[in-house]
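Counting from 6, one number per residue, gives the positions in the sequence shown under my numbering. For reference, the structure discussed in these notes is given below.
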Amino acid sequence: MAKGKGGNTVAAVWEIAEPIAQELGLDIWDIRFVKEGADWFLRIFIDKDGGVGITDCENMSRAIDKPLDEADPIEQSYCLEVSSPGVERELTRDAHFEVCKGEKIMVKFIRAVDGVREFKGVLEDFDGKAVTMRLEDGSAMSFEKKETSYIKLDDFSF
């Protein structure tokens, strides 16, 4: 069932995980199914107002274990990891950009822009493809999301 970069697998797991997370008072921030070396990892990133603790991760892990086994959306063996998206959480989904407008972000481009690959600023807008951010010097910068290696919250600068 795992095809491409885990897209079908992620969708199937999301469908199982979301109602369980809601029941526990949690939100699903992201789900990733990735191969690292010889091993596969299913990573479920959870969030909630006030932050996620180890007990939240344990509860989600225990609650989703049996439904995942019963639905069996993943053919190969894998390691399940449930965690917080962290302080410098990556913005990957449209909803992430909506809830993070006005927040400090850091962006790393695939190719340098005027000789620079990394920028910091404040997320101003996202239309589904293009991101607009206000740079530290006050100027605005717009770019396509697909031009970036990552866009993360930046909780440790300016």
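Ideal Cβ placement from N, Cα and C applies to all residues, glycine included. None of these values were measured; they are calculated from a predicted model.
- [ ] Look up residue 129 in the DSSP assignment and say whether it is helix, strand or coil.
- [x] strand
TODO: Tell me the start and end of each unbroken alpha helix (DSSP H) in the region 30-86 that is at least 4 residues and wholly inside, in chain order.
DONE: 59-76
Open item on the list: What residue range does the alpha helix (DSSP H) around residue 104 cover?
Closed with: 99-104
TODO: Label residue 38 either buried or exposed according to how many other C-beta atoms from any shown protein chain fall within 10 Å of its C-beta, with 16 as the threshold for buried.
DONE: buried
Open item on the list: Suppose you measure from the CA of residue 93 to the CA of residue 160; what does that come to, to the nearest Å?
Closed with: 6 Å
- [ ] Check the C-beta distance from residue 129 over to residue 157 and give it rounded, since I have them as a contact under 8 Å.
- [x] With 8 Å as the limit, residue 129 and residue 157 do not qualify as a contact, their Cβ atoms being about 16 Å apart.
Task: N-terminal and C-terminal residue of the beta strand (DSSP E) that residue 147 is part of - done: 145-149
Open item on the list: Given a cut-off of 8 Å on the beta-carbon distance, is the pair residue 131 and residue 88 in contact?
Closed with: no
- [ ] Count the other CB atoms, across all protein chains shown, that sit within 10 Å of the CB of residue 96; report buried if there are 16 or more and exposed otherwise.
- [x] buried
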